[in-house]
Each structure stands twice: as C-alpha cells, then as structure tokens.
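Numbering (the working numbering), first residue to last: 326 to 783. Glycine residues also receive a C-beta, built at the ideal position from the N, C-alpha and C atoms. Below is one structure, written out as structure tokens; comments come after it.
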Ligand SMILES: Cc1cc2nc3c(=O)[nH]c(=O)nc-3n(C[C@H](O)[C@H](O)[C@H](O)COP(=O)(O)OP(=O)(O)OC[C@H]3O[C@@H](n4cnc5c(N)ncnc54)[C@H](O)[C@@H]3O)c2cc1C
C-alpha cells in the first residue's frame, strides 16, 4: 500500500491521494451510508493525471474501481478494501459549448445537473434526465448507458454521445473525440465503453449532443382505472402531441398511495385510483401547446380513458408532482426492500406484474410490491419488500426474474449489471454473447484491474 501511495503521491501530488480516516468519513454510496472501505482514493484533475494513475496501478497489478457520483443501483462503484478508488470528482470542467454544431465537450466528473443548468443559460438542452441528476456524473451516465425520463423522445445516453476520450487499463489515452453525427470511418470504438460499466476503460472526457431548449412545457398528473387505459392514453399522447411528448411516467396505485400518506408528499388528487401517469410535453409555443394539451386531456376524460387530471400551473406545482415519482426515500425506511429494473415488451407488462404479484403472494402473504417506471421504453422498476426476516435478496431475485423468463425480458433495462445482477446476466444474454464479452475484457484489460468482479467474471 505504501509503495503505491507514494508513487501516486509523487506523480499527482499528495493532496490528490486520500486514505485512512478521511476516506472512511465518506459514505459507501447513495444507497449505503456505511464508511468507505478501500486501500486509498485518488482524484485526478486531468486526463494526464488519470493516465499516470492507471499506468502506476497497471505496473503494480493493482485492482481499482472507478467512482462518479455513486448513485448507481447495482453496486458497480462500491469499493473493496483491497481496491484503489479512482474518483472523477475533480474533473468537472465544461470545456466547450458549440452552439452551431449542437455539441458540448465536458470532463467526465461534471454532474448531470450542472451540465443541464449551464446549457439552460444558453437556451440549450441536454436531454438526459433522471432523479439522481444532482449527484450522478456524465462519466457514470456514459458507463451505465443511463436512461431516465426522456428516453421516449431523445433515446438513452448512447444516443447522446458523439465522442469519448477513454483511458485504458495500461494508461493509454484513446481519443475518439468525434463531433459529427455521421462518422463511419471503421469501428465505432466509443460504443465499447458506453454501458460497459468501467470494465474496459475509464471515461475522461465526452462530446455530447445538445438540443434547443423548448420554451413551452405542460405537465399533468392523470388517474386511470386499468393498465389497458394507460396504454390507450400513451398511444393517444404519441399521436396527438406529434413528437412533443417528452415524458410518460406510470405509477401503480400502491406506489402513489404510500408516498402520499400524511407527512409525506402532498397528494394532488385522490389516493385510491389503480394507476397514475405523469404526462409531460415540451414544445415551441406555450399558448398553442397548452391549448392542445388541455384539449387532448379533455378528450381523454370525455372518452373515459382517464378518470381524473391535474394540470400543473407553476414550476413549484410541477416539482411537487415529479417529487412523488422521483423522491421515494420514504419507501426505503424500515424492513429490507429491494429495487429492480426490468424491461419487457409493453404488451406483456400487465400479465408480468400480475404473475409476479401472485408468486410473491404465494411466498410471502405480507409482501409489498411497488411498481412504477418508464413504460413507453418497456421499462418497469419494482421495489419489493418480502416482509419476512428469514427471506434473502436471492429469494426475491428468483421470483422476479423467474416470472420474467416467459416474457423474454431483460434483467437490466437501464441500471446495468454491476455486482448485484452478475449471477443473472446469463438470463438475458446468450452463451455466444457472454463469450465475446469475456474475450473483449481479456483483450482490453488482461491484468483484470479495471472494476474486477463487476458485470462479468473472466
Ligand atoms: C434517485 C435515483 C434515481 C435514478 N434514476 C435513474 C434513471 O431514471 N435511469 C437510470 O438509468 N439510472 C437511474 N439511477 C441510477 C444512476 O443514477 C445511474 O446509473 C447513473 O448513470 C450513475 O452515475 P454515477 O456518476 O452516480 O455513477 P457511479 O454510481 O459512481 O458508477 C456507476 C458505474 O459506472 C462506473 N463509472 C463511473 N464513472 C465512470 C467513468 N468516468 N469511467 C468509467 N466508468 C465509470 C462505475 O465504476 C460503476 O460501475 C438512479 C439513481 C438514483 C439514486
């Protein structure tokens, strides 16, 4: 430990190497407040620092784990006591905004919210958006191929990345800092690093797509009586709002009900409906869009597709509605509860949730299953509390993924595999795919020092 600490301190400066009590004062992750366990943490300020860090770790055969904002849901960034942490927290520069070309160039440690706010000042939009925006970083978003609430309009992180700079396991800097939408000159190497969760290289900089910020926004919370109507409204909104629909977030009744109990979020409408949807459209003209929004919701009410609606009238009302969907900490208190992120064809969602609830009921009569998600993307999130102190996470996994199998769903829609879902990867990938993943990992990181034990074992 001393040798590597000294080498890193000498190369980068002792102030960028943290260990001992200062390191233990940091929380393990967003989800786990216990002290960080690690050999030491290094915080490079530049690509050059990062390259030196990797060269040194490679020379010592030292395993490391990369950390962005630590909001990842599958324990991929959680360090082991034997690992060096490489934190991107000092690489937070927004280097260049090219308004004409529609690109922004950033260091990987910039948080999503900082980027969104900096662009908003220039009437520009970076459309990735998710509840962890205040802490998650662009490097983490790239490495997990993050999704979030605007995927139905703008795609996942992969669709928003034009170029990447990545530092490889031995310290080599691979620059694929492309600024064009079109570039078919050979293999598109950046794709290897998007969604591979830091196992093939560390993202140091990125060129991202920007869009004009839409001047008009309309948001409503609506209530519906069954899942078929949730799908009918989605089709209606996609047709009538002609490309301006930017979010369609569904909450099953139990989720809304338990998050709006006394002392929690204020309930903008009655708490006993089976389904709630947040519908949001962003367009070019507030007056015209508001009229269209209201008229479509009126049609939906008249034709009994929806049974209730609240259109938000201010920024604070909008935040209030979104906070029910995004601020779910209240559900995490008390007995163990497990988060899932599955995807499956939208036509099978209702049957899947029905099967799942039945299987849970058969195993634990007292269990709770909260369902919500980005259903237009085929993505459901589940919070499951077995309410039985003798049941383990593995028991719940078997039920959730077992029920998914007949529908050929994926065990990870947007959170990735990390450590937590590694035993289930083979349920969503073929043996040939897994073989090629292992071959890539062995070729690009033969010493297995980058996030070892995450995603796939070699
Ligand atoms: C309240 C809340 C809401 C969320 N909502 C969503 C959502 O809607 N959609 C969604 O997709 N996710 C969501 N997430 C999960 C999480 O925010 C994303 O996975 C996010 O992209 C992680 O970014 P991070 O910077 O926190 O990464 P970390 O948690 O620090 O790391 C995640 C993984 O990426 C690797 N990594 C981090 N930075 C780099 C880098 N520079 N180079 C290489 N590897 C790196 C890590 O080693 C780890 O494997 C949510 C999380 C929370 C807490």
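Quick check on this structure: which residue in 511, 544 and 434 has the alpha carbon closest to the alpha carbon of residue 645?
For the purposes of this step, residue 645 is identified with residue 320 of the chain shown, where counting begins at 1. For residue 645, the nearest C-alpha among the options comes from 544.
Nearer than 7 Å: is that true of the beta carbon of residue 466 relative to any heavy atom of ligand 1?
Counting from one through the chain shown, the residue named residue 466 turns up at place 141. Result yes, Cβ under 7 Å from ligand 1.
Just checking my contact of residue 713 with residue 730 at CB under 8 Å: how many whole Å lie between their CB atoms?
Within the chain shown, numbered from 1, the residue matching residue 713 stands at position 388. Within the chain shown, numbered from 1, the residue matching residue 730 stands at position 405. That belief does not hold up - the Cβ atoms of residue 713 and residue 730 are roughly 23 Å apart, past 8 Å.
Could you give the DSSP three-state label for residue 387: helix, strand or coil?
Here residue 387 is taken as the residue at index 62 of the chain shown, counted from 1. Correct three-state label for residue 387: coil.
Give the straight-line distance between the Cα atoms of residue 362 and residue 329, rounded to the nearest whole angstrom.
As a first step, residue 362 is located in the chain shown; it is residue number 37 there, counting from the start. As a first step, residue 329 is located in the chain shown; it is residue number 4 there, counting from the start. Between residue 362 and residue 329, the C-alpha separation is close to 17 Å.
When you compare the CB positions of residue 408 and residue 742, do they come within less than 8 Å of one another, or not?
Residue 408 sits at position 83 when you count from the first residue of the chain shown. Residue 742 sits at position 417 when you count from the first residue of the chain shown. No.
Going along the chain, which unbroken runs of the beta strand (DSSP E) with 3 or more residues stay wholly within the region 720-761?
none
Suppose you measure from the CA of residue 716 to the CA of residue 757; what does that come to, to the nearest Å?
Here residue 716 is taken as the residue at index 391 of the chain shown, counted from 1. Here residue 757 is taken as the residue at index 432 of the chain shown, counted from 1. The alpha-carbon atoms of residue 716 and residue 757 are separated by roughly 34 Å.
Is residue 387 buried or exposed, if buried means 16 or more other CB atoms sit within 10 Å of its CB?
The count along the chain shown starts at 1 and reaches residue 387 at position 62. Residue 387 comes out buried.
Ligand 1 heavy atoms versus the CB of residue 645: any closer than 7 Å?
In the chain shown, the residue the question calls residue 645 occupies position 320. Residue 645 Cβ: outside cutoff for every heavy atom of ligand 1.
So is residue 759 buried or exposed if we call it buried at 16+ other beta carbons inside 10 Å?
Walking along the chain shown from the start, residue 759 turns up at place 434. Exposed is the call here.
Measure the alpha-carbon distance for residue 427 versus residue 660 and round it to whole angstroms.
Here residue 427 refers to the residue found at position 102 when the chain shown is read from its first residue. Here residue 660 refers to the residue found at position 335 when the chain shown is read from its first residue. Distance between the alpha carbons of residue 427 and residue 660: 47 Å.
When the Cα of residue 657 is compared with those of 580, 685 and 638, which residue comes out closest?
Here residue 657 corresponds to residue number 332 of the chain shown, with the count starting at 1. Nearest of 580, 685 and 638 to residue 657, Cα basis: 580.
Enumerate, from N- to C-terminal direction, the unbroken beta strand (DSSP E) stretches of 3 or more residues contained entirely within the region 460-531.
486-492 and 498-501
Just to confirm the assignment, what range does the beta strand (DSSP E) spanning residue 356 have?
Here residue 356 refers to the residue found at position 31 of the chain shown. Segment: none, residue 356 is in no beta strand (DSSP E) and carries neither H nor E.
Span separating the alpha-carbon of residue 451 from that of residue 534
Sequence index remark: in the chain shown, residue 451 carries index 126 (1-based). Sequence index remark: in the chain shown, residue 534 carries index 209 (1-based). Approximately 7 Å between the Cα atoms of the pair.
For residue 563 and residue 550, the rounded distance between their alpha carbons:
Position 225 of the chain shown, counted from the first residue, corresponds to residue 550. Position 238 of the chain shown, counted from the first residue, corresponds to residue 563. Each residue's Cα considered, the two are about 20 Å apart.
Terminal residues of the beta strand (DSSP E) in which residue 697 lies:
Position 372 of the chain shown, counted from the first residue, corresponds to residue 697. Per DSSP, residue 697 belongs to the beta strand (DSSP E) from 693-698.
Among residues of its own chain, excluding the 5 on either side of residue 358, which ones have a beta-carbon nearer than 8 Å to its beta-carbon?
Taking the first residue of the chain shown as 1, we reach residue 358 at position 33. Cβ within range, chain order: 352.
Can you grab the Cα-Cα spacing for the pair residue 680 / residue 430, in whole Å?
Walking along the chain shown from the start, residue 680 turns up at place 355. Walking along the chain shown from the start, residue 430 turns up at place 105. The alpha-carbon atoms of residue 680 and residue 430 are separated by roughly 46 Å.
Pair within 8 Å by beta-carbon distance, residue 475 and residue 437
Taking the first residue of the chain shown as position 1, residue 475 is located at position 150. Taking the first residue of the chain shown as position 1, residue 437 is located at position 112. Contact: no.
Beta-carbon gap between residue 366 and residue 348 smaller than 8 Å
Counted from its first residue, the chain shown places residue 366 at position 41. Counted from its first residue, the chain shown places residue 348 at position 23. The answer is yes: Cβ separation under 8 Å.
Are the region 663-678 and the region 732-749 in contact at 8 Å, needing three or more beta carbon pairs?
yes
Suppose contacts are defined by Cβ-Cβ distances below 8 Å. Is residue 610 in contact with residue 541 by that definition?
Against the chain shown, residue 610 aligns to sequence position 285. Against the chain shown, residue 541 aligns to sequence position 216. Against a cut-off of 8 Å, the Cβ pair of residue 541 and residue 610 comes out as a contact.
Where the alpha helix (DSSP H) containing residue 709 begins and where it ends
Taking the chain shown and counting its residues from 1, one reaches residue 709 at position 384. Counting along the chain, residue 709 falls outside any alpha helix (DSSP H), though it belongs to the beta strand (DSSP E) covering 704-710.
Let me check you understand the geometry: is the CB of residue 527 closer than 7 Å to at least one non-hydrogen atom of ligand 1?
The count along the chain shown starts at 1 and reaches residue 527 at position 202. Yes, Cβ of residue 527 sits closer than 7 Å to a heavy atom of ligand 1.
Cβ neighbour criterion (16 or more within 10 Å) applied to residue 639:
Along the chain shown, read from residue 1 onward, the residue named residue 639 stands at position 314. Exposed, since its Cβ has fewer than 16 Cβ neighbours within 10 Å.
Pick from 612, 629, 578 and 769: whose alpha carbon is nearest that of residue 707?
Stepping through the chain shown from its first residue, residue 707 is reached at position 382. When each option's Cα is compared against that of residue 707, the closest is 578.
Going by the beta-carbon positions, is the gap between residue 392 and residue 416 smaller than 8 Å?
Looking up residue 392 in the chain shown gives position 67. Looking up residue 416 in the chain shown gives position 91. No, they are not a contact pair.
What three-state label does DSSP hand residue 534 in the structure shown?
The sequence position of residue 534 within the chain shown is 209, counting from 1. Strand, per DSSP.
Compute the distance between the beta-carbons of residue 472 and residue 776, then report whether it is under 8 Å.
Counting from 1 along the chain shown, the entry for residue 472 is found at position 147. Counting from 1 along the chain shown, the entry for residue 776 is found at position 451. Not closer than 8 Å, so no.
Inspect the CB distances between the region 595-602 and the region 510-520 and report whether three or more fall short of 8 Å.
no
Can you tell me which of 490, 504 and 505 puts its alpha carbon nearest to the alpha carbon of residue 498?
Counted from its first residue, the chain shown places residue 498 at position 173. When each option's Cα is compared against that of residue 498, the closest is 490.
Tell me residue 412's beta-bridge partners as DSSP assigns them.
Locating residue 412 in the chain shown gives position 87, where the first residue counts as 1. The partner list for residue 412 (beta bridge, DSSP) reads 392.
So, at 6 Å on beta carbons, what are the nonlocal neighbours of residue 448 in its own chain, with the 5 sequence-adjacent residues on each side left out?
The residue given as residue 448 occupies position 123 in the chain shown. Answer for residue 448: 538, listed in chain order.
Looking at the secondary structure, which residues open and close the beta strand (DSSP E) in which residue 423 lies?
Numbered from its first residue, the chain shown carries residue 423 at position 98. Residue 423 -> beta strand (DSSP E) spans 419-423.
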